[in-house]
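Chemist: The structure that follows is given in the form of structure tokens.
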Amino acid sequence: MTMMAEPVKLIGCFGSPVVHRVEVARLKGVPYELITEDLNNKSGLLLRHNPVHQKVPVLLHGDRPAICESLVIVEYVDEAFQGPLLMPADPLARATARFWASFMDKECGESMWMALWTDGEAKAAAARETKTNLTLIEGQLPEGQRFFGGDAIGYLDIALGWIAHWMGVFEEISGARLLTEEEHPTLCRWAREYKANKTVKQCLPNRDRVIAALMPRKELYISIAKAMATQR
Ligand SMILES: N[C@@H](CCC(=O)N[C@@H](CS)C(=O)NCC(=O)O)C(=O)O
16 MTMMAEPVKL IGCFGSPVVH RVEVARLKGV PYELITEDLN NKSGLLLRHN
66 PVHQKVPVLL HGDRPAICES LVIVEYVDEA FQGPLLMPAD PLARATARFW
116 ASFMDKECGE SMWMALWTDG EAKAAAARET KTNLTLIEGQ LPEGQRFFGG
166 DAIGYLDIAL GWIAHWMGVF EEISGARLLT EEEHPTLCRW AREYKANKTV
216 KQCLPNRDRV IAALMPRKEL YISIAKAMAT QR
């Protein structure tokens, strides 16, 4: 039996930007079954397969040990299955893509979270930091190039892809404004092209439904930001 023939299951949930990353990896053409979790009442399946973080996404490929963490899963899918390469072929370009994906999740993700879910001077300082971080990310997209991956969507586009759909969602829920056409025209242009892609479109959840699903988690987001502030 070939690897392709083994069932692929994705433990995810509705409206998650990190689950979206794995769903977009369907650019590889890998069919999978989506198992939708209720994060307020996590299943035994999720706890068994991701005992460390107890978070989605989790990928199950045949009867192999589970693969956790969205970007790790995207890399796995890219390497384990045939289809268009998501990672750049050149080792330096691969390292650079990984660097910026990590920057998105660490430095930029943290500043964004604080800008969205804190108040007062902390919020203003984090918004300034976020805008600088977005400018740094934007600088990775050469003028005239469609995607971070070149002519086609690649690993870094997938890592950053949630900005295109979820940034506006989070802005609406929180009232913050972080990504604007005036300040980041290239990133906004990229976001439009990313969302217009046929495969991406199939994995973008309805905006109003995402807002409705995430709105009740607002207090949780605020409490996480408060805890993060004490560690800064
Ligand atoms: N770094 C992880 C983040 C995973 C994550 O935060 N998943 C959220 C859904 S968006 C989750 O499962 N939350 C459940 C919880 O925190 O209890 C990744 O990229 O996969």
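So for the sequence shown, this note's numbering puts the first residue at 16; every next one is plus one.
The beta-carbon is built from N, C-alpha and C at its ideal position, and this holds for glycine as well.
A quick note: this is a predicted structure, and the numbers were derived from the prediction, not measured.
Within 10 angstroms of its Cβ, does Lys70 collect 16 or more other Cβ (buried), or is it exposed?
Modeler: Counting from 1 along the sequence shown, the entry for residue 70 is found at position 55. Lys70 should be labelled buried.
Chemist: Report the partner residues of Val255 according to the DSSP bridge assignment.
Modeler: Outside the displayed range of the chain (16 to 247) lies residue 255, so it cannot be described from this structure.
Chemist: Could you check whether the Cβ of Pro66 sits closer than 8 angstroms to any heavy atom belonging to ligand 2?
Modeler: Summarising the ligand content, the structure contains ligand 1 and does not contain ligand 2.
Chemist: Measure the alpha-carbon distance for Arg242 versus Ala130 and round it to whole angstroms.
Modeler: Taking the sequence shown and counting its residues from 1, the one referred to as residue 242 is at position 227. Taking the sequence shown and counting its residues from 1, the one referred to as residue 130 is at position 115. The amino acid at residue 242 is misidentified as Arg; the sequence shows Ala. Whole-angstrom Cα-Cα distance: 14 angstroms.
Chemist: Would you report the Cα separation of Glu52 and Pro220, rounded to the nearest angstrom?
Modeler: Position 37 of the sequence shown, counted from the first residue, corresponds to residue 52. Position 205 of the sequence shown, counted from the first residue, corresponds to residue 220. Distance between the alpha carbons of Glu52 and Pro220 is about 15 angstroms.
Chemist: List the endpoints of the continuous alpha helix (DSSP H) containing Thr214.
Modeler: Counting from 1 along the sequence shown, the entry for residue 214 is found at position 199. Note, Thr214: alpha helix (DSSP H), Lys213 to Gln217.
Chemist: Whole angstroms are fine: how far does the CA of Leu171 sit from the CA of Arg224?
Modeler: Within the sequence shown, the letter at position 209 stands for residue 224. Within the sequence shown, the letter at position 156 stands for residue 171. Rounded to the nearest angstrom, the two C-alpha atoms are 26 angstroms apart.
Chemist: Nearest CA to the CA of Glu158: which residue from Pro32, Asn148 and His199?
Modeler: Taking the first residue of the sequence shown as position 1, residue 158 is located at position 143. Nearest of Pro32, Asn148 and His199 to Glu158, Cα basis: His199.
Chemist: Sorted by chain position, which residues of the same chain lie with C-beta nearer than 6 angstroms to Met127's C-beta, five sequence neighbours on each side aside?
Modeler: As a first step, residue 127 must be located in the sequence shown, where it is residue number 112. Hits under 6 angstroms: Thr145.
Chemist: Could you check which residue in Asn212, Trp181 and Val184 has the C-alpha nearest to that of Gly169?
Modeler: Taking the first residue of the sequence shown as 1, we reach residue 169 at position 154. The residue with the shortest Cα to Cα distance from Gly169 is Asn212.
Chemist: Only counting runs of 4 or more residues, tell me where the alpha helix (DSSP H) segments fall wholly within the region 46-117, in order along the chain.
Modeler: You should have 59-64 and 85-95.
Chemist: Got a sec? Which residues, its chain only, sit under 7 angstroms from His64 by beta carbon, not counting five neighbours each side?
Modeler: As a position in the sequence shown, residue 64 is number 49, starting the count at 1. Same-chain partners within the cutoff: Ile26, Val73, Leu75 and Ala81.
Chemist: Since I believe Ile173 is in contact with Val45 (beta carbons under 8 angstroms), could you give me their beta-carbon distance rounded to a whole number of angstroms?
Modeler: Here residue 45 refers to the residue found at position 30 when the sequence shown is read from its first residue. Here residue 173 refers to the residue found at position 158 when the sequence shown is read from its first residue. With a Cβ gap of about 14 angstroms, Val45 and Ile173 do not count as contacting.
Chemist: Could you tell me the boundaries of the alpha helix (DSSP H) in which Ile173 lies?
Modeler: Sequence index remark: in the sequence shown, residue 173 carries index 158 (1-based). Where Ile173 is concerned, the enclosing alpha helix (DSSP H) stretches over Tyr170 to Leu175.
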